[in-house]
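For reference, the structure is listed below as structure tokens.
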Ligand SMILES: Cc1cc2nc3c(=O)[nH]c(=O)nc-3n(C[C@H](O)[C@H](O)[C@H](O)COP(=O)(O)O)c2cc1C
């Protein structure tokens, strides 16, 4: 809980056509409450509650692009087909009626399996090299035709997002899913133009995906890509070991049309290159902003005592101080801050922070994952 002013969190921010009333972003969180891939009225009401309570920008849970194996859970919403898109229309209309702004997170899981379900997607698994993690070969690499169709499905989803009235769109390029599987040398051993020893080469797929989104949405529509060094397959994995490598990874994406880099960490305060600027040095979003000049979003354990992977194993978290976050935002280390579990368990979190109702902040417990309130 903050001991000083929270004003910096509540200052407006603009990027392209998106005007935000404050700096707080709802982090994308898979809820698996969309049976058969169709988001219903309960999903719309869930997002509407967060908009009503003042979240600056809502990013949806990951939602599947139009490829047969884009998702690994039947209850994850689709972002294609009339029925699913009608559901999303209701979501964005409800959010707008409540004064909010929102973008869908476009998702393809690639070769990542879901340990929580036996369900298997109705089609071949897409992955750069048929690897689910380093050395774990399970299938053939994606063909050129599969890559082209995937890029085109990304573009179509972005066009649909804009047509439905969403304010932005985020590509899920993090956490060891398809786009990140191309970035990571552990899962991309291709020798064609989508692979190679340098991160610039392995970034080609992500770059083409961003270009497809930009082409589909025009010059003024804000485009976000979410990125992470860590992978669910390996928390210690890193795409960029140095600032130079990080620039080689990120600059091409900004040049391709990404306006906002959403830099995922499990704990936002961890320094990215402590050998260079110390234990209180810039985090991932800080370095990304410094190296590219783009708008950046940070994330990871904001307002909570424990991090989110442990939450899946049942660990609870208590409300925690926002002072470090506020200091970093006052220094303009990054522009926006995403909040996950605190907003999942409490739709009123932003309102409570704004009015200083610290005593009313809730713990995060695993039970919150079981309902869509
Ligand atoms: C239930 C749950 C589902 C998540 N699903 C997604 C997802 O679909 N896409 C994504 O990029 N991150 C996902 N994440 C990660 C969050 O966006 C966020 O980065 C993480 O929870 C750290 O933020 P927090 O500590 O504020 O919760 C999920 C996290 C949780 C707790």
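Residue numbers (my numbering): 1 to 373. Cβ atoms here follow ideal geometry from the backbone N, Cα and C, with glycine treated the same way. Here the structure is a predicted model, which is why all the values come from computation and not from measurement.
query = Going along the chain, which residues of its own chain have a beta-carbon closer than 8 Å to the beta-carbon of residue 119, five neighbours each way excluded?
reply = Locating residue 119 in the chain shown gives position 119, where the first residue counts as 1. So the qualifying residues of the chain are 72, 73 and 74.
key: Simplified DSSP assignment, three categories, for residue 182   = Taking the chain shown and counting its residues from 1, the one referred to as residue 182 is at position 182. DSSP places residue 182 in helix when its eight states are reduced to three.
query = Over what stretch of residues does the alpha helix (DSSP H) that includes residue 374 continue unbroken?
reply = As shown, the chain starts at 1 and ends at 373. That puts residue 374 outside it, with no answer to give.
ask   = Cα-Cα, which of 336, 300 and 268 is closest to residue 18?
value = As a working note, residue 18 is residue 18 in the chain shown. Looking only at 336, 300 and 268, the smallest Cα-Cα distance to residue 18 is reached by 336.
task = Would you mind sorting residue 145 into buried or exposed? The rule is 16 or more other CB atoms within 10 Å of its CB.
result = Here residue 145 corresponds to residue number 145 of the chain shown, with the count starting at 1. Exposed, because fewer than 16 other Cβ atoms sit within 10 Å of the Cβ of residue 145.
key: residue 342 beta carbon near ligand 1 (any heavy atom closer than 7 Å)   = Taking the first residue of the chain shown as position 1, residue 342 is located at position 342. Indeed, a heavy atom of ligand 1 lies less than 7 Å from the Cβ.
key: C-alpha distance - residue 376 paired with residue 166, whole-angstrom precision   = The chain is shown only over 1 to 373; residue 376 falls outside these bounds and no answer can be derived.
Alpha helix (DSSP H) segments (min. 4 residues) lying fully within the stretch 291 to 356 = Taking only runs of at least 4 residues, the alpha helix (DSSP H) segments lying wholly in the stretch 291 to 356 are 308 to 312, 323 to 330, 341 to 345 and 349 to 355.
ask   = Considering only the beta carbon of each residue, do residue 270 and residue 282 sit closer than 8 Å?
value = What you label residue 270 is simply residue 270 of the chain shown in a count that begins at 1. What you label residue 282 is simply residue 282 of the chain shown in a count that begins at 1. If you check the CB distance, residue 270 and residue 282 do not come in under 8 Å.
ask   = For residue 135, does the three-state DSSP call read helix, strand or coil?
value = Your numbering for residue 135 matches position 135 in the chain shown. Shown here, residue 135 sits in coil according to DSSP, grouped into three states, outside any helix or strand.
request  = Taking residue 130 as the reference, give the member of 139, 371 and 157 with the closest Cα.
outcome  = Within the chain shown, the letter at position 130 stands for residue 130. Of 139, 371 and 157, the residue nearest in Cα terms is 139.
task = Give, in chain order, every unbroken run of the alpha helix (DSSP H) that is at least 4 residues long and sits entirely within the stretch 243 to 295.
result = Look at the stretch 243 to 295 and you find these whole runs of alpha helix (DSSP H), each 4 residues long or longer: 243 to 256, 274 to 277 and 284 to 292.
message = Give the list of continuous beta strand (DSSP E) stretches no shorter than 3 residues that lie fully inside the stretch 117 to 172.
response = If we require 3 residues or more, the beta strand (DSSP E) runs fully inside the stretch 117 to 172 come out as 131 to 133.
request  = Let me know the beta strand (DSSP E) ranges lying completely inside the stretch 192 to 252, each 3 residues or longer, listed in chain order.
outcome  = Annotation: the stretch 192 to 252 contains the following complete segments of the beta strand (DSSP E) (minimum length 3 residues), in chain order: 223 to 231.
ask   = Taking Cβ to Cβ, would you say residue 174 is nearer than 8 Å to residue 264?
value = To locate residue 174, count along the chain shown from 1; it is residue 174. To locate residue 264, count along the chain shown from 1; it is residue 264. In this structure, residue 264 lies closer than 8 Å to residue 174 by Cβ.
message = To the nearest angstrom, how far is the alpha carbon of residue 2 from that of residue 314?
response = Translated into positions along the chain shown, residue 2 becomes position 2. Translated into positions along the chain shown, residue 314 becomes position 314. Caution applies to residue 2, whose pLDDT of 49 falls short of 50 and renders its modelled position unreliable; the value that the coordinates give is listed next. Spanning the two alpha carbons is a distance of roughly 26 Å.
DSSP three-state assignment for residue 104, whether helix, strand or coil = Locating residue 104 in the chain shown gives position 104, counting from the first residue. If DSSP states are grouped into helix, strand and coil, residue 104 belongs with the strands.
message = At a threshold of 7 Å, does residue 164 count as lining ligand 1 (C-beta to nearest heavy atom)?
response = Sequence index remark: in the chain shown, residue 164 carries index 164 (1-based). No, since every heavy atom of ligand 1 falls outside the 7 Å radius drawn around the Cβ of residue 164.
ask   = At a cut of 8 Å, does the stretch 216 to 230 reach the stretch 190 to 199 through at least three beta carbon pairs?
value = With contact defined as three or more Cβ pairs closer than 8 Å, the stretch 216 to 230 and the stretch 190 to 199 are not in contact.
inquiry  = Closer than 7 Å to a non-hydrogen atom of ligand 1 - does that hold for the CB of residue 96?
reply    = Mapped onto the chain shown, residue 96 falls at position 96. For residue 96, the Cβ stays outside the 7 Å cut-off from all heavy atoms of ligand 1.
query = Cβ atoms of residue 106 and residue 44: under 8 Å apart, would you say?
reply = Position 44 of the chain shown holds residue 44. Position 106 of the chain shown holds residue 106. In this structure, residue 106 does not lie closer than 8 Å to residue 44 by Cβ.
task = Express the C-alpha separation of residue 148 and residue 125 in angstroms, rounding to a whole number.
result = Here residue 125 corresponds to residue number 125 of the chain shown, with the count starting at 1. Here residue 148 corresponds to residue number 148 of the chain shown, with the count starting at 1. Taking the straight line joining both Cα atoms gives about 15 Å.
Beta-ladder partner(s) of residue 58, from DSSP = Taking the chain shown and counting its residues from 1, the one referred to as residue 58 is at position 58. Per DSSP, 26 and 102.
key: Three-state secondary structure (DSSP) of residue 8   = Here the question's residue 8 lines up with position 8 in the chain shown. Under the three-state reduction of DSSP, residue 8 is assigned to helix.
ask   = With burial defined as no fewer than 16 other Cβ atoms inside 10 Å of the residue's Cβ, what is the status of residue 95: buried or exposed?
value = Taking the first residue of the chain shown as position 1, residue 95 is located at position 95. It counts as buried.
message = Please identify the residue among 112, 317 and 284 whose C-alpha is closest to the C-alpha of residue 234.
response = Residue mapping note: residue 234 aligns to position 234 of the chain shown, counting from 1. By alpha-carbon distance to residue 234, the top candidate from 112, 317 and 284 is 112.
ask   = Mind checking whether the beta-carbon of residue 351 lies closer than 7 Å to any heavy atom of ligand 1?
value = Position 351 of the chain shown, counting from 1, holds the residue named residue 351. Residue 351: no, Cβ never under 7 Å from ligand 1.
key: Integer Cβ distance of residue 207 from residue 252, believed to fall under 8 Å   = Position 207 of the chain shown, counted from the first residue, corresponds to residue 207. Position 252 of the chain shown, counted from the first residue, corresponds to residue 252. Right, the Cβ-Cβ distance comes to about 5 Å (below 8 Å), so this counts as a contact.
message = Quick check on this structure: which residue in 288, 228, 348 and 89 has the alpha carbon closest to the alpha carbon of residue 300?
response = To locate residue 300, count along the chain shown from 1; it is residue 300. Of the candidates 288, 228, 348 and 89, the one whose C-alpha sits nearest the C-alpha of residue 300 is 228.
ask   = From residue 10 to residue 328, what distance separates their C-alpha atoms?
value = Here residue 10 is taken as the residue at index 10 of the chain shown, counted from 1. Here residue 328 is taken as the residue at index 328 of the chain shown, counted from 1. Rounded to whole angstroms, the separation of the alpha carbons of residue 328 and residue 10 is 14 Å.
inquiry  = Measuring straight from C-alpha to C-alpha, what distance separates residue 209 and residue 4?
reply    = Mapped onto the chain shown, residue 209 falls at position 209. Mapped onto the chain shown, residue 4 falls at position 4. Looking at the backbone, the Cα of residue 209 and that of residue 4 are separated by about 42 Å.
query = If we ignore side chains and look at the alpha-carbon of each, how far apart do residue 307 and residue 267 end up?
reply = Here residue 307 corresponds to residue number 307 of the chain shown, with the count starting at 1. Here residue 267 corresponds to residue number 267 of the chain shown, with the count starting at 1. Answer to the nearest angstrom: the Cα atoms are 7 Å apart.
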